[in-house]
DNA sequence: CTTGGGTCCTGTGCGC
DNA sequence: TGCGCACAGGACCCAA
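In our numbering, the protein residues as written are 4 to 291.
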């Protein structure tokens, strides 16, 4: 389940195959994912040239020369894999990583260019696609309510302090709320809160302003580091060429229940609790 | 308005 | 080996 760093990794990996490419054909193998695909999606994509590959939060954006943008969300298990059709025969890129955990019956949409094949595979089908006018993207229902990009300038101290003010919800939930900041998910919230020394159960509105402000650069750093590592590969995430991201080796708390807290001088152990149905990992000693 | 819980779907790994 | 259960990177929707 991709969070912002994984989606950004996929975006960068798709660029060599799709940036500037013409979609010769798109195979749509089922009528829907989480929601029905837009009307005549395959027809509206066929022949279009991709002018640029963008990203907003966890959404991939394929800006087309038709004036429309294909919005793609990977949901929990969505993958995008590139095959280079001009590669020498033999083992083609994109073959080896289909061995483990790859279920070809979940190849739901396949994009064909003159040189590449890009396959969208999503076992759980929580993903989504939609087509929308490029000049009106900010009004799309999935995008309109998103908060600031955490790596952009509008995500700053003043914004986060104002967003937390008066909120009685646990800070874990607040950071997962895409209206407050857009792009964090279950992994990077746990990682950021550990770095900030804030307990996930603490109520967002009861955290002193300087500690909230400190979260801003911490969130940026965590996401930056993860992007530079090619994201975190747990079950599903691969880079578009099939190689694994490696940020999971840098996790300080996520999925590390019972391990010692990595904070220097801290003798705590990582604990796991469930908040609104999702695991939170934290150190009860140095996170308060 | 905020907040919490249920829900969608398939695959995997664990304990028995 | 098989079975049942818990859990998995998301986020919408609705009730209270």
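Every residue, glycine too, gets a C-beta built ideally from N, C-alpha and C.
Could you check the C-alpha separation between residue 93 and residue 119 for me, to the nearest Å?
With a pLDDT of 49 at residue 93, under the threshold of 50, the modelled position of that residue is not reliable, and no figure is offered here.
As a quick exercise: from 196, 224, 244 and 65, pick the residue whose alpha carbon is nearest that of residue 290.
For the residues 196, 224, 244 and 65, the minimum Cα distance to residue 290 belongs to 196.
Does DSSP classify residue 228 as helix, strand or coil?
Here residue 228 sits in helix by DSSP.
With a CB to CB cut of under 8 Å and the five nearest residues on each side skipped, what residues in its chain are close to residue 2?
In the structure displayed, the chain extends from 4 to 291; residue 2 sits before or after that span and is not available.
Tell me whether the beta-carbon of residue 205 lies closer than 8 Å to the beta-carbon of residue 173.
Going by C-beta atoms, residue 205 is nearer than 8 Å to residue 173.
At the level of alpha carbons, what is the spacing between residue 259 and residue 151?
Going by the C-alpha atoms only, they are around 30 Å apart.
Using a 10 Å radius around the Cβ and a threshold of 16 neighbouring Cβ atoms, would you call residue 111 buried or exposed?
Residue 111 is buried by the Cβ-count criterion.
Using the beta-carbon count (16 or more within 10 Å), is residue 257 buried or exposed?
With 16 or more Cβ atoms within 10 Å of its Cβ, residue 257 is classed as buried.
So residue 46 is in the alpha helix (DSSP H); what residue range does that whole segment cover?
44 to 48 is the span of the alpha helix (DSSP H), which, as asked, contains residue 46.
Residue 279: buried (16+ other C-beta within 10 angstroms of its C-beta) or exposed?
Exposed is the call here.
With C-beta atoms as the reference, is residue 26 less than 8 Å away from residue 49?
Yes; because the gap between Cβ atoms is below 8 Å, this pair is in contact.
Check whether the Cβ atoms of residue 179 and residue 215 sit closer than 8 Å, and answer yes or no.
Result no, Cβ atoms of residue 179 and residue 215 do not sit closer than 8 Å.
Roughly how many whole angstroms lie between the Cα atoms of residue 274 and residue 74?
Cα to Cα, residue 274 sits roughly 37 Å from residue 74.
Using the C-alpha atoms, what's the distance from residue 87 back to residue 20?
Going from the Cα of residue 20 to the Cα of residue 87 covers about 8 Å.
Pop quiz: residue 80 and residue 129 are said to be a contact at Cβ under 8 Å. What is the actual Cβ separation, rounded to whole angstroms?
Right, their Cβ atoms sit about 7 Å apart.
In three-state DSSP terms, what is residue 93?
Because residue 93 sits at a pLDDT of 49, beneath the cut-off of 50, its placement in the model cannot be relied upon, and the following sentence gives the value as read from the coordinates. In the structure shown, residue 93 sits in coil (DSSP, three-state: anything other than H, G, I, E or B).
Can you find the residues in the same chain that come closer than 6 Å, C-beta to C-beta, to residue 8, ignoring five residues on each side of it along the sequence?
Contacts found: 226, 229, 230 and 234.
I need the boundaries of the beta strand (DSSP E) containing residue 162, first residue and last residue.
Counting along the chain, residue 162 falls outside any beta strand (DSSP E), though it belongs to the alpha helix (DSSP H) covering 160 to 167.
For residue 262, which residues from the same chain have a beta carbon less than 6 Å from its beta carbon, with the 5 sequence-adjacent residues on both sides left out?
Only 273 meet the Cβ criterion.
Looking only at its own chain, which residues have a Cβ that is under 7 Å from the Cβ of residue 251, when we skip the five neighbours before and after it?
Excluding positions up to five away in sequence, the list reads 235, 236 and 237.
What residue from 62, 177, 170 and 145 has the CA that sits closest to residue 14's CA?
Residue 62 is the option with its Cα nearest to residue 14.
With a threshold of 6 Å on Cβ separation, who are the neighbours of residue 133 within its own chain once the five nearest residues in sequence on each side are excluded?
For residue 133, where only same-chain residues beyond five positions count, the Cβ hits under 6 Å are 41 and 74.
Consult DSSP for residue 70 and reduce its assignment to one of helix, strand or coil.
Of the three classes helix, strand and coil, the one that applies to residue 70 here is coil, per DSSP.
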